[in-house]
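Heads up, the thing below is written out as structure tokens.
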RNA sequence: GCGCCCGUAGCUCAGCGGAUAGAGCAGGGGACUUCUAAUCCCAAGGCCGCAGGUUCGAAUCCUGCCGGGCGCACCA
């Protein structure tokens, strides 16, 4: 468990409850929270809820708990107030020592998990032969942040990129390429985009072409060499494009993480056989289906997962069942995370339900649809180009870096090359932070102004705060190392120390529900507290006592480390200078 | 029709069953001879969609309603 203050108080409470009231409570259920009350650091809300169980008035319960509670080393004598709140004020000495103890700790107090789990993490999932567009942004950014957080926490992560690289569309695409005499040498993803659209309209307008496309699908699936060769070229060209976008965005996915639909295709027949053996399938309207209980359609009839379509082809549902089966059975994943938009919620519920029935998921497995809302434009509607198309990711990111360059140029004293690097960190960081800083389950409004604002909960504010700190540290020369005493006299110093010690609890909370926005909120608070500290607590100014100076350097240094680590955990760079 | 999600300050958003619901922006007032003012400080701004219920205590949990969004069989 995290070694943060609330947890320590919680542990002490567990003992006090046992001895004083003969009550067993798990440390996590002791209801110790950071307090919003002025002059109070933490509060415990347990006495009220315990009152009925114990059969005594809540204040009485609180007093009894306090009498048995041993926190003398940690806090001032706890105070019982109101209906039965127990208020804690952390001792400055303890706080100072705890903060000083973080110096030199690369994990900044965050413990690695004692029981690592193996996460299969599905994110990004672009389509072959289509340029990545804004629709892929959230999955890519959120998924990558979760990956970084899980790895940092000490889990094993198996990222996989579920490429749309198989199925009917490729029949028509390849057929179209054959029609126009595809020359494999000189085409880019942009050409492919156009080909895709042309093939689509031809498919809709020309029944002969549609027939040939369907035949081409059969050839593709049966391994026809010429067809496969063309397909592979499409995949390769697309992969180059994805890697370019990932490079621009700073996303860790590589070609080795690609597990596209084609990868699962050879497993589909066996998966259906397996489901049939287990008696879970049922023929319906000529299709082979699984009907997980509790799902109905418009007419109130059971809703199927379609394994095999009437025409004999595979339904896309079976691929998802095959992924669950593959990652738990073949790869030993304990946890499956699917970073996919909210509209797919019902689909995943059904897939998970069927997977439990089939035994692909056991009681030891957790499968979570890490869902997210839609990106809205300034008009409040799904973001689109003026022509109504999807915004290309490369263009969006280029624009972000361009805007950032303007912002940087206004202030920066760096040279042009440095400024370009900073602009990239600021622009890409802004796009990511805007996405990650609000609850992923809700839709969010995409506006350049808000995204690149210097004030408020934005990446620029965090990067600026860090740059100010780095500037101080550079000017200070040698930094105070481990063992440097920390002195907390100013309120801002104290507030900063408390914040710095909160990191473990925050990381814990973030991973509990895959909620990166909580980390963003914490980083923003930390940067804001630092900014106040910066105003009221001079570090290097003449006349500052050397001990105070060193203490403040420790606080500044740790703040920078928290910001840099925190930003890194969500995939954002923190330049040394802006 | 069934199911899921959302409704908090003018705007964009936090809010973990707990005390007087918080930030930022915008609007008002102040602070640069001072480590990066890309900042800070102060004031103002709220029937937490509505109505019930559970609870010592509800923005938070439950039910109903209103408003908005999304999904619901062979495209993934």
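In my numbering, the protein residues as written are -9 to 568. From the three backbone atoms N, C-alpha and C, an ideal C-beta is built for every residue, glycine too.
- Bounds of the beta strand (DSSP E) holding residue 271 are 271 to 274.
- Following the DSSP letters along the chain, one finds residue 78 inside the beta strand (DSSP E) bounded by residues 75 to 78.
- Under the DSSP assignment, residue 309 falls in the alpha helix (DSSP H) whose first and last residues are 306 to 315.
- Annotated as distal: residue 145 and residue 97, with beta-carbon spacing of 8 Å or more.
- At least 8 Å separates the beta-carbon of residue 495 from that of residue 25.
- Taking C-beta atoms as the reference points, residue 74 and residue 52 count as a pair closer than 8 Å.
- Where residue 109 is concerned, the enclosing beta strand (DSSP E) starts and stops at 108 to 112.
- Secondary structure of residue 35 (DSSP, three-state): coil.
- In this structure, the CA atom of residue 387 is about 57 Å from the CA atom of residue 49.
- Sixteen is the threshold: since fewer than 16 other Cβ atoms of the shown chains lie within 10 Å of the Cβ of residue 170, the residue is exposed.
- Taking every protein chain shown into account, the CB of residue 345 has 16 or more other CB atoms within 10 angstroms, so this residue is buried.
- Annotated as distal: residue 482 and residue 436, with beta-carbon spacing of 8 Å or more.
- Look at residue 128 here: in three-state DSSP terms it is helix.
- Annotation: the continuous alpha helix (DSSP H) that includes residue 165 extends over 158 to 169.
- Residue 43 and residue 62 have their C-alpha atoms roughly 28 Å apart.
- Nearest neighbour of residue 307 by Cα position, chosen from 338, 330, 290 and 326, turns out to be 338.
- C-alpha of residue 45 to C-alpha of residue 10: approximately 14 Å in a straight line.
- Only residues of its own chain outside the window of five on either side were considered, and among them 398 and 402 have a CB closer than 6 Å to the CB of residue 409, listed in chain order.
- Between the alpha carbons of residue 36 and residue 64 lies a gap of roughly 19 Å.
- Judged by their CB atoms, residue 86 and residue 476 are nearer to each other than the 8 Å cut-off.
- Contact between residue 278 and residue 271 holds: CB atoms are separated by about 5 Å, below the 8 Å threshold.
- Ranked by how close their Cα comes to the Cα of residue 256, the residues 415, 519, 312 and 395 have 312 in first place.
- Taking all protein chains shown into account, residue 191 has fewer than 16 neighbouring C-beta atoms within 10 Å of its C-beta and is therefore exposed.
- Take residue 179, set aside five residues on each side of it, and the residues of its chain with a beta-carbon closer than 7 Å to its own are 121, 227, 228 and 231, in chain order.
- In the DSSP assignment, residue 325 is bridged to 109 and 356.
- Approximately 6 Å separates the beta-carbon atoms of residue 510 and residue 426; this is inside 8 Å, confirming the contact.
- DSSP, reduced to helix, strand and coil, places residue 288 outside both helices and strands of the structure shown, so it counts as coil.
- DSSP places residue 23 inside the beta strand (DSSP E), whose first and last residues are 22 to 24.
- Around the beta-carbon of residue 551, 16 or more other beta-carbon atoms lie within 10 Å, marking it buried.
- When the five nearest sequence neighbours on each side are left out, the beta carbons in the same chain lying within less than 6 Å of the beta carbon of residue 528 are those of 534, in order along the chain.
- Residue burial annotation: residue 127 is buried, with at least 16 other C-beta atoms found within 10 angstroms of its C-beta.
- Here residue 33 is buried, its C-beta having at least 16 other C-beta atoms within 10 Å.
- For the set 508, 197, 14 and 19, the Cα lying nearest the Cα of residue 447 is the one of 508.
- Spatial neighbours of residue 558 in its own chain (CB-CB distance under 8 Å, excluding positions within 5 residues in sequence) are listed in chain order as 138 and 564.
- Residue nearest to residue 413 within the set 391, 364 and 420 is 391 (criterion: CA-CA distance).
- If you look at residue 510, you'll find it isn't in any beta strand (DSSP E); it sits in the alpha helix (DSSP H) that goes 506 to 526.
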